[in-house]
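In the numbering used here, the protein residues as written are 10 to 153.
Don't be surprised by glycine CBs; every beta carbon is placed ideally from N, CA and C.
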Amino acid sequence: MNMKHIERHSDRFTDFLQVIIRWGVRTLAILMTVVIVLGVVDVGWQLHQKVMEPPIFILTISDMLGMFGAFMAVLIAIEIFVNITIYLREDVIHVKIVMAIALMAIARKIIILDVEQVEPPYLWGLASIVFAMSIGYWLVVVSP
């Protein structure tokens with residue numbers, strides 16, 4: 010077997026694997042769409058349940074924080090979907106988008122966090138993560 014034959018065979022094989030991966034990513038996009046739709050329905054249902062239980066049309070602060078967490082979860086899913094569609098179009102993962110998703114996930118965690126229930130080292134850890142991710146995001150945004 011000569012080297013050219015091996016290269017041609019290898020190219021066909023990697024092309025075949027790329028096709029499988031592209032179909033896998035398309036499947037993920039479809040599944041993420043289902044997750045987003047179900048998430049929106051869930052947020053609507055939760056909101057309906059909260060405003061219909063006595064006292065009607067009143068949301069407590071804890072209800073609102075729970076709703077914010079649910080909203081953020083759907084927004085994170087939407088950002089992941091955007092990342093998947095960009096990967097399908099450009100065949101590359103954008104670090105800026107991934108870091109933005111991570112920052113949103115951290116923000117969601119902080120929004121729904123009950124500071125009365127966590128120890129100070131946990132809060133320091135979260136603060137460190139936010140600080141490091143913010144610097145990383147800033148570096149990605151300002152770099153050429």
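Item to complete: Kindly list the residues whose CB is nearer than 7 Å to the CB of Ala86, restricted to its own chain and excluding five residues on each side of it in sequence; keep chain order.
Response: Closer than 7 Å at Cβ, skipping near neighbours: Met41, Val44, Ile45, Gly48.
Worksheet item: Is it true that the CB of Arg117 sits closer than 8 Å to the CB of Ala141?
Response: No, the Cβ-Cβ distance between Ala141 and Arg117 is not below 8 Å.
Worksheet item: Cα separation between Gly53 and Met61?
Response: Cα-Cα distance, rounded: 12 Å.
Worksheet entry | Beta-carbon separation (whole angstroms), Ile106 vs Val34, contact threshold 8 Å | With 8 Å as the limit, Ile106 and Val34 do not qualify as a contact, their Cβ atoms being about 15 Å apart.
Worksheet item: If you draw a straight line from the C-alpha of Ile102 to the C-alpha of Tyr146, how long is it?
Response: The straight-line gap from Cα to Cα measures roughly 15 Å.
Worksheet item: Among the residues of its own chain, which have a CB less than 7 Å from the CB of Ile120, if the five just before and after it don't count?
Response: Within the same chain, Ile120 has close Cβ partners Leu74, Phe77, Gly78, Met81.
Practice prompt. Go ahead and pull the three-state DSSP assignment for Pro64.
Written response: If DSSP states are grouped into helix, strand and coil, Pro64 belongs with coil.
Worksheet entry | Completely contained alpha helix (DSSP H) runs for the segment 89 to 135, where each covers 4 or more residues | You should have 104 to 121.
Fill in: Check whether Val104 and Val149 have beta carbons under 8 Å apart
The criterion of a C-beta distance shorter than 8 Å is satisfied by Val104 and Val149.
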